[in-house]
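*Asks:* I'd like to ask you about the structure that follows.
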Amino acid sequence: MTSETNMATVRQLSPGHIYGFQVRARTAAGHGPYGGKVYFQTLPQGELSTQLPEQLSLVIGSILGALAFLLLAAITVLAVVFQRKRRGTGYTEQLQQYSSPGLGVKYYIDPSTYEDPCQAIREFAREVDPAYIKIEEVIGAGSFGEVRRGRLQPRGRREQAVAIQALWTGGAESLQMAFLGQAAVLGQFQHPNILRLEGVVTKSRPLMVLTELMELGPLDSFLRQREGQFSSLQLVAMQRGVAAAMQYLSSFAFVHRALSARSVLVNSHLVCKVARLGHSPQGPSCMLRWAAPEVIAHGKHTTSSDVWSFGVVMWEVMSYGERPYWDMSDPEVLNAIEQEFRLPPPPGCPPGLHLLMLDTWQKDRTQRPHFDQLVAAFDKMIRKPDTLQAGGSSGDRPSQALLNPVALDFSSLDSPQAWLSAIGLECYQDTFSRCGLCTFSDVAQLSLEDLPALGITLAGHQKKLLHNVQLLQRHLRQPGSVEV
């Protein structure tokens with residue numbers, strides 16, 4: 001039953017029965033939690049007339065007390081929410097992580113809405129005593145300086161390897177706020193494919209942010225160093241991990257804004273984890289090659305623009321860390337995107353994966369898939385590898401013109417060794433020399449059957465070399481081409 005006041009009368013109860021009552025408040029935010037159960041027993045039939053007034057007073061008094069308590073709790077909650085909304089005016093996408101116990105709503109809180117960034121850190125990150133930290137060698141560079149390997153062993157706990165980013169110089173206050181803000185963002189998310197925050201040091205200098213150690217580093221450089229060493233399904237699994245992380249973030253309405261293969265880290269188990277959450281001190285121009293058209297034109301970042309960026313990450317993975325749009329200048333990239341040209345499939349990329357990339361690059365952002373749809377597509381590819389080769393029908397999606405890779409300048413190449421270096425396969429220069437492949441005509445005769453005898457057994461290297469052999473053959477057929 002419901003009551004518009006703080007009183008309620010329960011009628012038509014049977015004599016001699018036990019009844020339990022629970023009360024909850026309802027506000028503009030919805031229903032609150034129920035209070036504890038209160039049990040009452042109605043009088044037997046003969047005693048009803050003599051004791052009813054006393055029992056009724058007891059029932060009403062108990063209910064009134066419970067209602068008053070819940071009303072006070074509701075007013076307190078609403079006051080806190082109102083105060084935070086005032087502090088976060090204009091940040092409708094930034095209220096995205098707390099859970100409302102009765103409502104199941106997830107919110108993420110933008111640390112920049114706090115007057116004191118240290119307050120956000122205290123809410124979302126664990127303060128670590130510097131005495132428990134051992135700093136070791138430099139392993140990379142982050143947005144705020146060097147990243148070092150380290151060891152963390154709080155008292156009574158097992159030692160663990162961590163990555164440590166320190167703000168060694170005092171720096172401007174805005175830099176310190178940005179540094180701590182990234183940690184406050186990261187500390188709000190827990191997902192197997194998102195970098196885990198281990199703790200922070202804010203009570204002494206230097207300021208430090210400690211995260212789990214990702215031994216194999218950024219995804220782009222990891223792939224470049226291992227070109228051709230993974231099957232298509234292994235690469236799909238990497239992309240699936242990134243998509244799952246982005247699906248989780250999008251459930252909080254959190255927009256990454258800087259998703260690229262460089263912002264994904266790889267651990268020793270080949271698990272990919274999304275990092276670099278929060279704003280970076282770098283300018284937006286560095287993300288041009290991953291930016292959706294609406295971001296370039298209007299600076300409008302949404303989950304849909306993250307989907308576009310994820311499509312570029314897919315391309316990076318399948319090309320083993322190739323730079324998107326190759327050596328094209330920024331104006332050339334802008335012009336290509338405006339004219340609706342899209343990146344072609346990397347050598348050896350299954351058709352099904354490239355079609356998925358094209359879906360993420362729809363000009364109309366409402367036509368791009370959601371991250372949950374992308375995760376489902378990857379799961380299907382892993383369960384049924386034949387779907388990787390599915391080309392789909394031409395009527396399934398708008399046709400999109402594909403860019404051609406930047407052509408090699410053959411006039412600047414004086415030998416097959418120089419050609420190998422230009423296509424990134426210089427590791428086979430000695431092999432070509434030993435096998436007498438001294439002219440472009442010799443190289444142009446190569447086929448798939450010849451490659452194992454040359455020691456070229458990695459599938460990715462075979463596909464890349466044969467793709468460039470085809471380009472070489474096309475060049476040699478052109479009138480006026482000069483044989484070397």
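Taking full-length UniProt numbering, the leading residue of the sequence shown gets 1, the next gets one more, and so forth.
Cβ atoms here follow ideal geometry from the backbone N, Cα and C, with glycine treated the same way.
Because the structure is a prediction, the values reported are computed rather than measured.
Just grab the DSSP bridge partners of GLU146 for me.
*Replies:* Within the sequence shown, numbered from 1, the residue matching residue 146 stands at position 146. Paired residues: ALA141.
*Asks:* How would you write the range of the beta strand (DSSP E) that ALA172 sits in, first residue to last?
*Replies:* Translated into the one-based positions of the sequence shown, residue 172 becomes position 172. That residue, ALA172, is in no beta strand (DSSP E); it is neither H nor E in DSSP.
*Asks:* Using a 10 Å radius around the Cβ and a threshold of 16 neighbouring Cβ atoms, would you call LYS85 buried or exposed?
*Replies:* Reading the sequence shown from its first residue, position 85 is the one you call residue 85. Note on LYS85: pLDDT 49, under 50, position unreliable in the model; no value is reported.
*Asks:* I'd like to check one pair, VAL274 with VAL242: are the Cβ atoms closer than 8 Å?
*Replies:* Numbered from 1 along the sequence shown, position 242 holds the residue referred to as residue 242. Numbered from 1 along the sequence shown, position 274 holds the residue referred to as residue 274. Cβ distance < 8 Å, so VAL242 and VAL274 count as in contact.
*Asks:* Under the rule that 16 or more other beta-carbon atoms within 10 Å means buried, what is residue 549, buried or exposed?
*Replies:* The displayed coordinates of the chain run from 1 to 484. Any statement about residue 549 would go beyond what the structure contains.
*Asks:* Cβ of VAL128 within 8 Å of Cβ of LEU152?
*Replies:* What you label residue 128 is simply residue 128 of the sequence shown in a count that begins at 1. What you label residue 152 is simply residue 152 of the sequence shown in a count that begins at 1. It is a contact, given that the beta carbons lie within the stated cut-off.
*Asks:* In whole angstroms, what is the alpha-carbon distance linking ARG26 and MET7?
*Replies:* Sequence index remark: in the sequence shown, residue 26 carries index 26 (1-based). Sequence index remark: in the sequence shown, residue 7 carries index 7 (1-based). Going by the C-alpha atoms only, they are around 14 Å apart.
*Asks:* Please state whether DSSP places PRO324 in a helix, a strand or coil.
*Replies:* Your numbering for residue 324 matches position 324 in the sequence shown. Looking at PRO324 - three-state DSSP - the assignment turns out to be coil, as it is neither helix nor strand.
*Asks:* Can you tell me the Cα-Cα spacing of LEU476 and GLN229, whole angstroms?
*Replies:* Translated into the one-based positions of the sequence shown, residue 476 becomes position 476. Translated into the one-based positions of the sequence shown, residue 229 becomes position 229. LEU476 and GLN229: Cα-Cα distance of roughly 31 Å.
*Asks:* Under three-state DSSP, which class holds GLY424?
*Replies:* As a working note, residue 424 is residue 424 in the sequence shown. It is coil, neither helix nor strand.
*Asks:* Roughly how many angstroms lie between the CA atoms of PHE222 and GLY145, to the nearest whole one?
*Replies:* The sequence position of residue 222 within the sequence shown is 222, counting from 1. The sequence position of residue 145 within the sequence shown is 145, counting from 1. So the two alpha carbons sit approximately 20 Å from each other.
*Asks:* Per DSSP, which one or two residues make a beta bridge with MET208?
*Replies:* Taking the first residue of the sequence shown as position 1, residue 208 is located at position 208. Its beta-bridge partners are ALA166 and VAL201.
*Asks:* Compare the beta carbon distance of LEU448 and LEU466 with 8 Å and say whether it is the shorter of the two.
*Replies:* Within the sequence shown, residue 448 is the residue found at index 448, counting from 1. Within the sequence shown, residue 466 is the residue found at index 466, counting from 1. Yes. Within cutoff.
*Asks:* Terminal residues of the continuous beta strand (DSSP E) containing CYS272?
*Replies:* Stepping through the sequence shown from its first residue, residue 272 is reached at position 272. From DSSP, the beta strand (DSSP E) with CYS272 extends over 272-274.
*Asks:* Between the stretch 178-198 and the stretch 117-131, can you find at least three pairs of beta-carbon atoms closer than 8 Å?
*Replies:* A contact exists between the stretch 117-131 and the stretch 178-198.
*Asks:* What does the Cβ neighbour count give for VAL10, buried or exposed, with the cut at 16 atoms within 10 Å?
*Replies:* Reading the sequence shown from its first residue, position 10 is the one you call residue 10. So VAL10 counts as exposed.
*Asks:* Taking 8 Å as the cut-off, decide whether the C-beta atoms of GLY352 and THR303 are in contact.
*Replies:* Indexing the sequence shown from 1 puts residue 352 at position 352. Indexing the sequence shown from 1 puts residue 303 at position 303. Contact flag unset, no.
*Asks:* When DSSP builds the beta bridges, which residues end up paired with ILE60?
*Replies:* Numbered from 1 along the sequence shown, position 60 holds the residue referred to as residue 60. Answer is none; ILE60 lacks a bridge partner.
*Asks:* Taking C-alpha atoms, which residue in LYS363, ARG157, GLN22 and PRO130 lies nearest to GLY150?
*Replies:* As a first step, residue 150 must be located in the sequence shown, where it is residue number 150. Considering only alpha carbons, the answer is PRO130.
*Asks:* According to DSSP, simplified to helix, strand and coil, what is VAL266?
*Replies:* Counting from 1 along the sequence shown, the entry for residue 266 is found at position 266. VAL266: strand per DSSP, three-state reduction.
*Asks:* What three-state label does DSSP hand GLY20 in the structure shown?
*Replies:* As a first step, residue 20 is located in the sequence shown; it is residue number 20 there, counting from the start. The answer is strand: DSSP assigns GLY20 an E or B state.
*Asks:* Which runs of the alpha helix (DSSP H), 4 residues or longer, sit entirely within the stretch 432-463?
*Replies:* Runs found: 440-444.
*Asks:* Mind reading off the beta-carbon distance from ALA163 to THR211? Whole number of angstroms is fine, and I expect it under 8 Å.
*Replies:* Locating residue 163 in the sequence shown gives position 163, counting from the first residue. Locating residue 211 in the sequence shown gives position 211, counting from the first residue. Rounded, the Cβ-Cβ distance is 5 Å, consistent with contact.
*Asks:* Rounded to whole angstroms, how far is the Cβ of ALA292 from the Cβ of TRP315, which I believe are closer than 8 Å?
*Replies:* Taking the first residue of the sequence shown as position 1, residue 292 is located at position 292. Taking the first residue of the sequence shown as position 1, residue 315 is located at position 315. At roughly 14 Å, the Cβ-Cβ gap does not stay under 8 Å, so ALA292 and TRP315 are not in contact.
*Asks:* Any idea which residues DSSP pairs GLN473 with across the strands?
*Replies:* Residue mapping note: residue 473 aligns to position 473 of the sequence shown, counting from 1. Answer is none; GLN473 lacks a bridge partner.
*Asks:* For LYS233, count the other beta carbons within 10 Å of its own beta carbon; 16 or more makes it buried, fewer makes it exposed. Which is it?
*Replies:* Counted from its first residue, the sequence shown places residue 233 at position 233. Sequence inspection shows Leu at residue 233; the Lys mentioned does not correspond to that position. Classification of LEU233: exposed, given that the 10 Å Cβ count is below 16.
*Asks:* Determine the closest residue to GLN247 out of PHE440, HIS191 and PRO416, with distance taken between C-alpha atoms.
*Replies:* The residue given as residue 247 occupies position 247 in the sequence shown. Cα-wise, what sits closest to GLN247 is HIS191.
*Asks:* Quick test of the definition: if touching needs 3 or more C-beta pairs under 8 Å, does the stretch 440-457 touch the stretch 415-428?
*Replies:* With the cut-off at 8 Å, the stretch 440-457 and the stretch 415-428 touch.
*Asks:* Using 8 Å for Cβ pairs, my map puts TYR108 next to PHE252. What's the rounded Cβ distance?
*Replies:* Start at 1 with the first residue of the sequence shown, and residue 108 comes out as number 108. Start at 1 with the first residue of the sequence shown, and residue 252 comes out as number 252. Sure, about 4 Å apart at Cβ, within 8 Å.
*Asks:* For SER174, which residues from the same chain have a beta carbon less than 7 Å from its beta carbon, with the 5 sequence-adjacent residues on both sides left out?
*Replies:* Here residue 174 is taken as the residue at index 174 of the sequence shown, counted from 1. Here the set comprises nothing.
*Asks:* Thinking C-alpha only, which one of MET238, LYS203 and ALA422 is nearest VAL317?
*Replies:* Indexing the sequence shown from 1 puts residue 317 at position 317. Of MET238, LYS203 and ALA422, the residue nearest in Cα terms is MET238.
*Asks:* According to DSSP, is GLN160 helix, strand or coil?
*Replies:* Residue 160 sits at position 160 when you count from the first residue of the sequence shown. If DSSP states are grouped into helix, strand and coil, GLN160 belongs with the strands.
*Asks:* What residue range is occupied by the uninterrupted alpha helix (DSSP H) comprising ILE296?
*Replies:* Taking the first residue of the sequence shown as 1, we reach residue 296 at position 296. ILE296 -> alpha helix (DSSP H) spans 293-298.
*Asks:* Thinking just about the alpha-carbon of each residue, which of CYS435, PHE432 and ASN468 is nearest to the one in ALA422?
*Replies:* For this step, residue 422 is matched to residue 422 along the sequence shown. Answer by Cα proximity: ASN468.
*Asks:* Among the residues of its own chain, which have a CB less than 7 Å from the CB of LEU458, if the five just before and after it don't count?
*Replies:* Here the question's residue 458 lines up with position 458 in the sequence shown. Answer for LEU458: GLY228 and GLN229, listed in chain order.
*Asks:* Do GLY278 and LYS463 have their C-beta atoms closer together than 8 Å?
*Replies:* The count along the sequence shown starts at 1 and reaches residue 278 at position 278. The count along the sequence shown starts at 1 and reaches residue 463 at position 463. Cβ atoms of GLY278 and LYS463: not closer than 8 Å.
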